Amino acid sequence: MFDLDRWQEIFQTLSKNKLRTLLSGFTIAFAILLFTLLFGIGNGLKHTFEKSFNDDANNAIFIRTGQTTKPYKGLQSGRKIQFKNDDYKFIVDEFGNKVQFLSARIYNNVQAIYKNEQNNYSLRAVHPDHQFLEKTIIDEGRYLNMFDLKNKSKVIVIGRLVKEDLFGGRIALGKSISLNGVTYKVIGTFSDEGGDNEERIIYMPITTAQSIYGNNDYIDQLNLTYNPTLNLEQAISFGNLILARFKEKHDIDPRDQAALRVSNMAEANKSVNQFMMVLNIIILFIGIGTLVAGIIGISNIMVYIVKERSKEIGIRKALGATPKSIVGMIMLESIFVTAVAGYVGLLIGVFTLKAIGDSLETYFIINPSVETYVVVGATIILIIAGTIAGYIPAKRAASIKPIVALNDE
Amino acid sequence: MIKIEKLHKSYPIGKDKLHVLKGLDLHIKEGEFVAIMGSSGSGKSTLLNIVGLLDNHDEGNYFLNGQLIENLDETKAAVLRNKFLGFVFQSFNLINYKNALENVALPLYYQGMGRKERNERAMQFLDKVGLKERADHLPSELSGGEKQRVAVARALVTNPKVILADEPTGALDSTTSASVMELLKEINREGMTVFVITHEEDIANETDRIVRLRDGIIISDEKVLKKAIV
């Protein structure tokens, strides 16, 4: 295999038969190029999809309250359902083992003042787990902790754009801000991939908000993530169970659709997953199709090449070439051409995808790219196909009597 | 050198068999210059293919250089061809993308000889057939006579025991034919066994012994008495 003489013989054959070499090389390079491009663009679509579902934790369940629309157990319809701290405790007690993170939320709007700057922002009063529920990224300082909640500390974590508005380029950490007349200390700043609105938010400990803004134990919303070990079906039924138990707890008609709403990411995930699966199948189908086309192409060319060379093979055999050396020669040639051409196609494909980059974002294609192992795998498959495609006719050509090959004009 | 006893060969044609060689006996000694004559269909090409190990026989014995040829697989046949036999074909059968030198050196490549050595040796034989200056020409740039000389050099380069020539002058004009025959005679004078197949009487008369075939049977086998005429 690494006999220099043999390779010289092969290089001579390849370079003296340029058309033939180009033809087979082109087929392979083109197949790999198409494969890379289609696969890459498919992956670009996937990336877009993944990104649009990246704002919140993808195993989140949000529980919101509303007004009853049906009378139940002697209670009138139109009753407003209000969560309190014991609803938070209810989840911990009832579903503790199925919950990963849990946080209550209180919404408020506040006017923030720092020195001469002032602006209105949404306030969210939360538990420390909220950081993971919302995928909040801490840029400086820290997030809220249990200690803050216990002490009802007047501390806040501000969004990137809040910091920009109030502080400009100056340091915000450790500074005091007035929210609706009460002074709070900034203990952290954050960013969020969910967009600008998510970065115009101020977080504070839920206990602090309850004591300052209402002096009660009201909660607006409960957010949690289910244990990631649950599969989608289990997660969906878990969501339904939470809803049923809360309806029971708050004396709501089980058929009442408006009094309590549970948005379960598992349900969205289910449709996303189905869509992704279809997308994956399409990509796989395209990939396999391209490969099969490439395999058929290279097989045809190999059959043609061996046929065209049958006289030469006859001559070589008459001069003392063994069948093994004939098969070896044809196969090495075919492996060499497919490997080089496959690599060229791969390089062109990868560079094209790099060049496209994010320029097709308007067509929902972000960062079209292909995992190296996929293309290398595809190239190896084509090389193997080329080898087999070369082997069968080569084997036949090598086993026919030289006289038959010689007479074949 | 070549000994054939009761050799039979038939080819299948559809469901029937075409019986081409019907029990040939032939003995060619070392250093002989023999012509096999016969019209087309007489079985002479079949005989050459069997002698040349390009095809196998059905019945009878064939001894090449004292070795009984039987149950040869392609690999063994290839080694024997390379070692004992040199071929010259009517249609030259040079590899068209290799130049004269590379064509001559090819049998040595299959012997596993190093590149430098085989090119030297090939050049030596090209010189012998008078084509040293044409060494780097492709077959398409050579005349018919030159091509056949390259083929002769290629047949000789492995220093075989027998040269088998199938209608070596069949594609050449009479002047060129004469010069190719002269070359073969010269090789024979140096001690090489030469086995020529032809249907041309004057070509056969250049050899020392003529074996005539008709319908797969040897009808005559006689020495040529040309020297007496001159």
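These protein sequence lines are chains A and B, in that order. Residues 26 to 434 in this note's numbering are what the first sequence spells out, letter by letter. Residues 3 to 232 in this note's numbering are what the second sequence spells out, letter by letter. Glycine is no exception: its CB is placed at the ideal position from the N, C-alpha and C atoms. Quick caveat, the model's predicted, so the values are computed rather than measured.
The CB of residue 113(B) comes closer than 9 Å to the CB of 345 in chain A, given here in chain order. In this chain, the beta strand (DSSP E) harbouring residue 211(A) covers 207-216.
For residue 289(A), the beta-bridge partners assigned by DSSP are 86(A). Taking a Cβ-Cβ cut-off of 7 Å, the neighbours of residue 77(B) in chain A comprise 347, 348 and 349, given in sequence order. Annotation: the continuous alpha helix (DSSP H) that includes residue 102(B) extends over 102-113. Chain A places no beta carbon closer than 8 Å to that of residue 138(B), leaving this residue out of the contacts.
At least one beta carbon of chain B lies nearer than 8 Å to the beta carbon of residue 427(A). Here DSSP, grouped into helix, strand and coil, assigns residue 18(B) to strand. Burial check for residue 156(B): the Cβ neighbour count within 10 Å reaches 16 or more, so the residue is buried. By the CB criterion at 8 Å, residue 77(B) and residue 347(A) fall inside the cutoff. Cβ-Cβ separation between residue 168(B) and residue 91(B): approximately 5 Å, consistent with a contact (criterion under 8 Å).
Residue contact check for residue 340(A) against chain B: a CB pair falls below 8 Å. As the crow flies, the alpha-carbon of residue 391(A) is around 18 Å from that of residue 307(A). Linking residue 340(A) to residue 318(A) through their CA atoms gives a straight-line distance of about 34 Å. The residue from 213(A), 204(A), 66(A) and 173(A) with its alpha-carbon nearest to that of residue 134(A) is 204(A).
For residue 125(A), the enclosing beta strand (DSSP E) starts and ends at 124-139.
Closer than 8 Å to the CB of residue 41(A) there is at least one CB belonging to chain B.
Interface flag for residue 73(B) against chain A is unset, since no Cβ pair is found closer than 8 Å. Contact annotation for residue 424(A) against chain B: 76 [CB-CB distance below 9 Å, chain order].
Runs of the alpha helix (DSSP H) lying entirely within the region 133-181 of chain A and spanning at least 4 residues, in chain order: 155-158 and 171-176.
Cβ contact annotation for residue 84(B) (same chain, cutoff 8 Å, sequence separation greater than five): 109, 112, 113 and 160, in chain order. The three-state secondary structure of residue 64(B), taken from DSSP, is strand.
Spatial neighbours of residue 41(B) in its own chain (CB-CB distance under 7 Å, excluding positions within 5 residues in sequence) are listed in chain order as 201. Secondary-structure assignment with DSSP links residue 37(B) through a beta bridge to 198(B) and 212(B). As the crow flies, the alpha-carbon of residue 141(B) is around 35 Å from that of residue 368(A). With fewer than three CB-CB distances shorter than 8 Å, the region 94-110 of chain A does not count as touching the region 197-216 of chain A. Fully contained in the region 234-289 of chain A are the following beta strand (DSSP E) runs of length 3 or more, in chain order: 246-251 and 285-289. Contacts between residue 89(B) and chain A, judged by CB atoms closer than 7 Å, involve 343 in chain order. Here residue 197(B) is buried: its Cβ has 16 or more other Cβ atoms, across all protein chains shown, within 10 Å.
The beta carbon of residue 295(A) is closer than 8 Å to those of 257 and 261 in its chain, skipping five residues each way along the sequence.
Here residue 208(B) is buried: its Cβ has 16 or more other Cβ atoms, across all protein chains shown, within 10 Å. For residue 147(B), the enclosing alpha helix (DSSP H) stretches over residues 146-158. Residues of chain A whose Cβ lies closer than 9 Å to the Cβ of residue 38(B) do not exist; the shortest such Cβ separation is about 16 Å. Under the Cβ criterion of 8 Å, residue 30(A) is counted among the residues facing chain B. Residue 411(A): member of the alpha helix (DSSP H) spanning 397-424, first to last residue. In the three-state DSSP reduction, residue 173(B) falls in the coil class, being neither helix nor strand.
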